[in-house]
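Protein chains in written order, with our numbering: chain A, 2 to 192; chain B, 77 to 253; chain C, 690 to 909.
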Amino acid sequence: MNDLFTIFIVMALVNNIVLAKFLGLCPFFGVSKKLSNAVSMGMAVTLVMLLASVATSVIYNYILVPFNVEFMEIVLYILVIASLVQIVELIIKRTNITLYNSLGIFLPLITTNCAVLGVTLINSSGDYTILQSIVSALGGGIGFTLVLIIMSGIREKLDVAETPPAMKGLPIAFITAALLALAFLGFNGLM
Amino acid sequence: MLERLKSKRFYPIVFLALIVLVSVSLLLYIDTFTSEVVEAQNKAKIQAVLESIFPELTDFEEDGDLFVIYEGDNITGYTFLASGNGYSGIISMLVGINTDYTIKDVAILSQTETPGLGSKITEKEFTGQFVGLTLDDIVLSGDGGSIDSITGATISSRAVTETIREKMAGIIEMLSE
Amino acid sequence: MEEETQEKNFKASQGKGSIFWKELVKGLVISNPVFILTLGLCPVLAVTNSIDNALGMGAGVIFVLLCSNIIISAIRKAIPPLVRIPVFIVVIATFVTILSLIFEAYLPPLHESLGIYLSLIVVNCIILGRAEVFASKNNVLYSIADAIGIGLGFTIALIMIALFREILGTGGLAVFGFKLFSIPILSEHPMTFFISPPGAFLVIGLLMALFRWIGVIKGE
């Protein structure tokens, strides 16, 4: 599974980072019913994922492996991601204040989002080159956005449906996710 | 005194830098002795697997990913390390081949596939299918060959099959020179 | 500020011993990180597919939580507020790396089956959350109690979920190679659905609903 197209499809669909790898669950369950918010969130995460994957892949291939210091991975990657999120936040604040306001608290929370760190770790555990990492991040981000959009659409219907009181809120969202994950299992057939 | 120090402008950066320095040193220290343990374990594991594939082996020579297996003074076979991306992570394996380039046995060294599904690639039911095959036979039954994939774990099965075939082709070419 | 001093006075009047236990129990039930605070969910779904993974992850989280709570609490007076989050992150990341190195050397099968989720402990909101909310504001002794309580609460939740998934999904229970038991018909035809990703979501969703129904959590 080393060719770029397969990596993309696997990250986005077959091994969807939310429904199969359980990454990025907080924004997934916290997503609003507004489609535009879901898309903005997805795009923001994809952007950070892409930048982080490039940066960490460079660090991995040119520093960690040659100098045999792979154990520095966790500390370095998380610092890189935290810094990137700060920078992206600043840029968004300067260029598009409405977007900045609508994303609110979620932007800095991308730092502790398992999705971004998760994808960078998937890249290094698969020993990906920089190009493979880019494709992997694109696949991951787009898969994440896709699932977010689907969930936001369902969320709207869920809110007006008659749910038993114990199920209201997170429990029913989890059951919905279970059904989505089941559906996505069908993508295994792509391979 | 701490308050006075804290009020200096450079304090936050210096403090953070200090913490990072302590962290790096600590990790470096711990890594030096854990990596020795890991290295020793890997060597022992490879040796054990080599002996299970070729029970009659008396000695072996290592040349990158290739191990030349000796029984006394004669070369009785070869074994090579192969690794490829499976469903969720890298699968690494040792493949033993006879001097006529047919497969002696396949042993999965490490994998992180789905437990109960993809992880079945480690079982004899799957790996046993490779025994005796020549390079051209190493194809999944879905693609016209003789290797049946594990139900519900096509990606893992395919990953193992193709990794073995590709690496084996390269090894045979290298040995034929 | 007044609330803080009130709380401090209250605690001072309670005596150190009983406060220790209160903080510990808090993490187990009232503030159970998984079912109530729903923090740090990513690893929960991933590692509950087997009891071994659940125990390993639980132990790992307790280790990191304990160490980081202790260190952060010990240096809390010296941490400049401006860089406190990066400092917390570096401290936590260091202990997660140490955990990973130790597992790699001394518990290789666990290291292999936990995979990236071991490293992902560093972004587990629970640990960063405790550092910010508790350890940076309380002394070392109480921070230890907090860590143990929350850590145990997390581990127990993991074990509960893993029990369901492994028993239904493989028809039996095996802990680190020791087969505990095997249910006759189920073990020949296990419901592998439960150890697959959708099964994870389903079990946790149902357990959450159950907790609410029993009344442990106040519903919405």
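Here a beta-carbon is modelled for each residue, glycine too, at the ideal position from N, C-alpha and C.
Cβ distance (whole Å) where residue i is taken to contact residue j below 8 angstroms
i: A/Ser-134; j: A/Ser-58; result: 4 angstroms
i: A/Ala-179; j: C/Phe-853; result: The Cβ separation is near 13 angstroms, so there is no contact.
i: C/Ala-834; j: C/Phe-709; result: 5 angstroms
i: B/Leu-216; j: B/Tyr-177; result: Wrong, their Cβ atoms sit about 20 angstroms apart, outside the cutoff.
i: B/Gln-205; j: B/Asp-224; result: 7 angstroms
i: A/Met-152; j: A/Val-32; result: 5 angstroms
i: B/Tyr-146; j: B/Asp-139; result: Not a contact, Cβ separation roughly 13 angstroms.
i: C/Ile-810; j: C/Val-750; result: 6 angstroms
i: C/Ile-816; j: C/Val-753; result: 6 angstroms
i: B/Ile-214; j: B/Gly-208; result: Between B/Gly-208 and B/Ile-214 the Cβ distance is about 11 angstroms, and since that is not below 8 angstroms, they are no contact.
i: A/Ala-21; j: A/Ile-150; result: With 8 angstroms as the limit, A/Ala-21 and A/Ile-150 do not qualify as a contact, their Cβ atoms being about 17 angstroms apart.
i: B/Ala-229; j: B/Lys-196; result: 6 angstroms
i: C/Ala-836; j: C/Leu-755; result: 4 angstroms
i: B/Thr-152; j: B/Glu-132; result: 7 angstroms
Proximal residues to residue i (C-beta, below 8 angstroms), its chain only, five neighbours per side dropped
i: C/Gly-908; result: Caution is warranted here: a pLDDT of 44 is assigned to C/Gly-908, below 50, making its placement in the model unreliable, and no coordinate value can be reported.
i: B/Met-169; result: Leu-157, Ala-158, Ser-159, Val-182, Ala-183, Ile-184, Leu-185, Val-236, Thr-239 and Ile-240
i: C/Leu-896; result: Phe-724, Met-849, Ile-850 and Phe-853
i: A/Thr-177; result: Met-152, Ile-155 and Leu-159
i: C/Glu-691; result: Only weak support exists for where C/Glu-691 lies, its pLDDT of 46 falling under 50; the value from the coordinates is given anyway. Here the set comprises nothing.
i: C/Gln-695; result: At C/Gln-695, the pLDDT of 49 sits below 50, so the modelled position is not reliable and the matter cannot be decided from this model.
Beta-carbon proximity of residue i to residue j, cut-off 8 angstroms
i: C/Leu-790; j: C/Gly-745; result: no
i: C/Gly-858; j: C/Ile-839; result: no
i: C/Val-780; j: C/Ser-757; result: yes
i: C/Pro-732; j: C/Tyr-831; result: no
i: B/Phe-202; j: B/Ile-226; result: yes
i: C/Leu-669; j: C/Val-736; result: Summary: the structure shown does not reach residue 669 of chain C, with chain C confined to residues 690 through 909, and so no result is reported for it.
i: A/Met-12; j: A/Gly-141; result: yes
i: A/Val-19; j: A/Val-148; result: yes
i: A/Val-117; j: A/Ala-56; result: no
i: C/Gly-812; j: B/Leu-92; result: It is Val, not Gly, that sits at residue 812 of chain C in the sequence shown. Not a contact, by the Cβ cut-off of 8 angstroms.
i: A/Val-46; j: A/Ile-111; result: yes
i: A/Phe-9; j: A/Leu-139; result: yes
i: C/Leu-796; j: C/Ile-893; result: no
i: A/Phe-72; j: C/Thr-786; result: yes
i: C/Leu-899; j: C/Ile-740; result: no
i: A/Phe-175; j: A/Val-15; result: no
i: A/Pro-28; j: A/Asn-114; result: yes
i: B/Ser-232; j: B/Gly-162; result: yes
i: B/Ser-111; j: A/Val-76; result: no
i: A/Asn-17; j: A/Gly-144; result: yes
i: A/Leu-186; j: C/Pro-887; result: yes
i: A/Ile-79; j: C/Ile-778; result: yes
Same chain, Cβ closer than 7 angstroms to residue i, five either side skipped, listed in chain order
i: A/Tyr-129; result: Ser-58 and Ser-137
i: B/Leu-142; result: Tyr-154, Phe-156 and Ile-247
i: C/Asn-828; result: Ser-762
i: B/Thr-198; result: Ile-184 and Gln-187
i: A/Tyr-61; result: Ser-125
Cβ shell of residue i (< 6 angstroms), same chain only, five flanking positions each side left out
i: A/Tyr-101; result: Ile-93 and Lys-94
i: C/Glu-693; result: Caution applies to C/Glu-693, whose pLDDT of 46 falls short of 50 and renders its modelled position unreliable; the value that the coordinates give is listed next. Nothing listed; no residue qualifies.
i: B/Gly-165; result: Thr-188
i: B/Val-125; result: Leu-170 and Ala-183
### Query
Counting pairs of Cβ atoms below 8 angstroms between the segment 153-167 of chain A and the segment 75-86 of chain A, do you hit three or more?
no
#### Entry: Every unbroken beta strand (DSSP E) inside the segment 835-866 of chain C [3 residues or more]
861-864
### Query
Between the segment 163-170 of chain A and the segment 874-883 of chain C, do three or more beta carbon pairs fall short of 8 angstroms?
no
### Message
Which complete alpha helix (DSSP H) runs does the segment 81-117 of chain A hold, if anything under 4 residues is left out?
### Response
98-104 and 107-110
### Query
Hey, which unbroken runs of the alpha helix (DSSP H) at 4 residues or more fall wholly within the segment 185-217 of chain B?
Fully enclosed alpha helix (DSSP H) runs of 4 or longer: 200-203.
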